[in-house]
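Novice: The numbers in this note's numbering rise by one with no breaks, and the one at position 303 of the sequence shown is 306. Dropping the structure in here first, questions after.
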Amino acid sequence: MKQRAWDEPGAEQVLDGVFRIPLPLPDDGLRAVNVYAISEGSSVTMIDAGWALAESLAALERGLAEAGHSLSDIEQFLVTHSHGDHYAQAATVRRMFGSEVSIGAGERGSIEAMADPAFEPFSRIEQSLKRAGAEELLSDMLAWRRGARDKGPHVPWELPDRWLSAGTISLKSRDLEVVDTPGHTAGHVVFHDLVAGVLFAGDHVLPRITPSIGFEPGGADLPLADFLDSQRVVLERPDARLLPAHGPVTDSTHARAEELIAHHEKRLDETAAAVDSGASTTYEVAQHLGWTRHERRLAELDMFNQNLAIGETRAHLDVCVVRGWLDASEGTDGIVRYTRA
Ligand SMILES: [Zn+2]
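Right, dumping it as structure tokens:
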């Protein structure tokens with residue numbers, strides 16, 4: 004029998020009273036985002052919410068119906084982090100039914116920036132590409148931005164009802180431990196049900212892809228160092244089934260956290276080696292490295308993913324500097340260049 008694809012719509016029961024509901028992400032390589040419905044009598048607690056899109060709301064309604072619920076049963080959303088595919092739809096459902104929305108306190112900086120109607124994401128991207136020596140890409144980004152503006156204004160993020168900090172949330176049927184796992188974003192949290200042995204991992208531990216690092220307004224100084232520390236946090240806790248936000252449920256958070264650490268250690272070595280072979284700016288190093296599972300060249304990625312790749316490369320370079328492998332210096336042209344320490 005053919006196994007059902009993880010992003011097929013509907014509700015998959017992953018344990019007693021807990022359903023995985025994949026919601027669509029059109030035009031996104033991630034394909035879908037898993038939200039999890041914890042059913043307790045007539046009420047539901049949701050882990051993550053999906054993008055605020057009509058088709059996503061329809062898929063959530065359909066998934067909840069398969070689990071014996073309707074949208075109005077959603078008492079609260081516990082959101083792992085402030086990226087739109089996890090957070091945005093919580094505000095939509097709150098407007099309809101008054102559900103309470105909670106997210107990690109460390110997301111405050113990003114959410115308040117995004118909630119500002121005058122928020123201008125491009126000033127930060129522009130600055131970052133200039134420092135990376137990626138002028139070429141900058142002009143493409145600026146052209147795209149003009150197009151994006153024609154499509155409509157920035158929709159401000161809404162604030163949550165509650166900022167979460169590490170501790171225990173007692174639901175009717177189970178306790179969830181809120182665990183700080185900064186890295187993917189500065190205030191990312193995961194929810195660990197120790198009794199059931201499952202981890203609602205958001206984008207901290209993904210089974211098939213490596214999470215992006217620090218893609219947010221006003222992120223941390225060393226997001227990759229935070230991310231690696233946060234993988235160790237997972238390893239120090241009891242192993243659990245992995246309930247990820249993208250991809251299928253798998254058996255072990257520990258196995259995947261080990262792989263993610265190994266991936267980044269290899270990447271750090273490759274990053275320093277690229278500098279040895281003559282790359283000096285972030286852009287040049289990114290061009291030396293292979294991207295995605297298929298080892299594509301940077302120029303083969305779309306502009307949005309090239310920008311992510313450059314951010315990722317800088318995160319690795321910064322860790323190489325902190326470890327004393329590389330030196331960094333900013334030139335009079337505003338470009339940062341790296342050399343062997
Ligand atoms: Zn994310």
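Ideal placement from N, C-alpha and C gives every residue a C-beta, glycine not left out.
1. So is the beta-carbon of residue 86 under 7 Å away from any non-hydrogen atom of ligand 1?
2. Let me check you understand the geometry: is the CB of residue 51 closer than 7 Å to at least one non-hydrogen atom of ligand 1?
3. In terms of residues, what are the limits of the beta strand (DSSP E) holding residue 312?
4. Check whether the Cβ of residue 195 lies closer than 7 Å to any heavy atom of ligand 1, and answer yes or no.
5. Between which two residues does the beta strand (DSSP E) containing residue 21 stretch?
6. By a C-beta neighbour count over all protein chains shown, 10 Å radius and 16 as the cutoff for buried, is residue 325 buried or exposed?
7. Give, in chain order, every unbroken run of the beta strand (DSSP E) that is at least 3 residues long and sits entirely within the stretch 220-281.
8. Between the stretch 227-245 and the stretch 279-294, are three or more C-beta pairs nearer than 8 Å?
9. Any heavy atom of ligand 1 closer than 7 Å to the Cβ of residue 89?
10. Can you find at least 3 beta carbon pairs, one from the stretch 267-280 and one from the stretch 201-210, that sit closer than 8 Å?
11. For residue 329 versus residue 343, is the C-beta spacing smaller than 8 Å?
12. Using DSSP with H/G/I as helix, E/B as strand and the rest coil, what is residue 2?
13. Assign residue 66 to one of three DSSP states: helix, strand, or coil.
14. Report the rounded CA-to-CA distance for residue 84 versus residue 142, giving the unit in angstroms.
15. Quick one: Cα of residue 47 to Cα of residue 133, how far?
16. Confirm, please, whether the CB-CB distance from residue 59 to residue 80 is below 8 Å.
17. Give me whichever residues DSSP pairs with residue 31 in a beta bridge.
18. Should residue 229 be labelled buried (16 or more other beta-carbon atoms within 10 Å of its own) or exposed?
19. With H, G and I counted as helix, E and B as strand and the rest as coil, what does DSSP make of residue 3?
20. So, are the CB atoms of residue 52 and residue 89 less than 8 Å apart?
21. With respect to 7 Å, is the separation between the Cβ of residue 206 and the closest non-hydrogen atom of ligand 1 below this value?
22. Beta carbon of residue 187: closer than 7 Å to some heavy atom of ligand 1?
23. Taking residue 125 as part of the beta strand (DSSP E), name the residues at either end of that continuous run.
24. CB residue 74 to CB residue 99, shorter than 8 Å?
25. Taking the continuous beta strand (DSSP E) assigned at residue 204, which residues delimit it?
26. Would you mind sorting residue 92 into buried or exposed? The rule is 16 or more other CB atoms within 10 Å of its CB.
27. Under a three-way DSSP split, which group does residue 300 fall into?
28. What residues match up with residue 342 in a beta bridge as DSSP calls it?
29. Can you tell me which of the three DSSP states residue 211 falls into?
30. Using a Cβ-Cβ cut-off of 7 Å (strictly less than) and excluding sequence neighbours within five positions of residue 312, which residues of its own chain qualify?
31. Does the separation of the CB atoms of residue 131 and residue 334 fall below 8 Å?
32. Just the Cα atoms here: how many angstroms apart are residue 197 and residue 124?
33. Jot down the residue ranges of each uninterrupted alpha helix (DSSP H) in the stretch 72-146, minimum 4 residues, whole runs only, in chain order.
34. The beta strand (DSSP E) that contains residue 335, what's its start and end?
Specialist: To lay it out plainly:
1. Locating residue 86 in the sequence shown gives position 83, counting from the first residue. Yes, the beta carbon of residue 86 sits closer than 7 Å to at least one heavy atom of ligand 1.
2. Numbered from its first residue, the sequence shown carries residue 51 at position 48. Residue 51: no, Cβ never under 7 Å from ligand 1.
3. Residue mapping note: residue 312 aligns to position 309 of the sequence shown, counting from 1. Per DSSP, residue 312 belongs to no beta strand (DSSP E); it is in the alpha helix (DSSP H), 306-325.
4. Here residue 195 refers to the residue found at position 192 of the sequence shown. No, the Cβ of residue 195 stays beyond 7 Å of every heavy atom of ligand 1.
5. As a first step, residue 21 must be located in the sequence shown, where it is residue number 18. From DSSP, the beta strand (DSSP E) with residue 21 extends over 21-27.
6. The count along the sequence shown starts at 1 and reaches residue 325 at position 322. Its Cβ having fewer than 16 others within 10 Å, residue 325 is exposed.
7. 244-247
8. no
9. Taking the sequence shown and counting its residues from 1, one reaches residue 89 at position 86. Yes, the beta carbon of residue 89 sits closer than 7 Å to at least one heavy atom of ligand 1.
10. no
11. Position 326 of the sequence shown, counting from 1, holds the residue named residue 329. Position 340 of the sequence shown, counting from 1, holds the residue named residue 343. Yes, these two residues count as a Cβ contact at 8 Å.
12. Any question about residue 2 goes unanswered here, given that the chain covers just 4 to 344.
13. The residue labelled residue 66 in the question sits at position 63 within the sequence shown. Residue 66: helix per DSSP, three-state reduction.
14. Residue 84 sits at position 81 when you count from the first residue of the sequence shown. Residue 142 sits at position 139 when you count from the first residue of the sequence shown. Their backbone Cα atoms lie some 30 Å apart in a straight line.
15. For the purposes of this step, residue 47 is identified with residue 44 of the sequence shown, where counting begins at 1. For the purposes of this step, residue 133 is identified with residue 130 of the sequence shown, where counting begins at 1. Cα to Cα, residue 47 sits roughly 46 Å from residue 133.
16. For this step, residue 80 is matched to residue 77 along the sequence shown. For this step, residue 59 is matched to residue 56 along the sequence shown. No, they are not a contact pair.
17. Walking along the sequence shown from the start, residue 31 turns up at place 28. Partner(s): none; residue 31 has no beta bridge.
18. Counted from its first residue, the sequence shown places residue 229 at position 226. Buried, by the Cβ-count rule.
19. Since the first residue shown for the chain is 4 and the last is 344, residue 3 is missing from the structure and cannot be characterised.
20. Here residue 52 is taken as the residue at index 49 of the sequence shown, counted from 1. Here residue 89 is taken as the residue at index 86 of the sequence shown, counted from 1. Contact flag set, yes.
21. On the sequence shown, residue 206 is found 203 positions in, with the first residue counted as 1. Yes.
22. For the purposes of this step, residue 187 is taken as the residue at position 184 of the sequence shown. Flag set: Cβ of residue 187 near ligand 1.
23. Walking along the sequence shown from the start, residue 125 turns up at place 122. Residue 125 -> not in any beta strand (DSSP E); alpha helix (DSSP H) instead, spanning 124-134.
24. Residue numbering aside, residue 74 sits at position 71 when the sequence shown is read from its first letter. Residue numbering aside, residue 99 sits at position 96 when the sequence shown is read from its first letter. Their beta carbons are under 8 Å apart, which means residue 74 touches residue 99 by this criterion.
25. Against the sequence shown, residue 204 aligns to sequence position 201. Residues 201-205.
26. Your numbering for residue 92 matches position 89 in the sequence shown. Buried, since its Cβ has 16 or more Cβ neighbours within 10 Å.
27. Counting from 1 along the sequence shown, the entry for residue 300 is found at position 297. Coil.
28. Mapped onto the sequence shown, residue 342 falls at position 339. Looking at the DSSP assignment, residue 342 forms a beta bridge with 330.
29. Your numbering for residue 211 matches position 208 in the sequence shown. Three-state result, residue 211: coil.
30. Locating residue 312 in the sequence shown gives position 309, counting from the first residue. The answer, listed in chain order, is 289, 294, 301 and 304.
31. As a position in the sequence shown, residue 131 is number 128, starting the count at 1. As a position in the sequence shown, residue 334 is number 331, starting the count at 1. Between residue 131 and residue 334, the C-beta spacing is not below 8 Å.
32. In the sequence shown, residue 197 corresponds to position 194, counting from 1. In the sequence shown, residue 124 corresponds to position 121, counting from 1. If I take the Cα positions, the gap works out to 39 Å.
33. 87-100, 111-118 and 124-134, all fully within the stretch 72-146.
34. Within the sequence shown, numbered from 1, the residue matching residue 335 stands at position 332. Note, residue 335: premise wrong, no beta strand (DSSP E); not H, not E.
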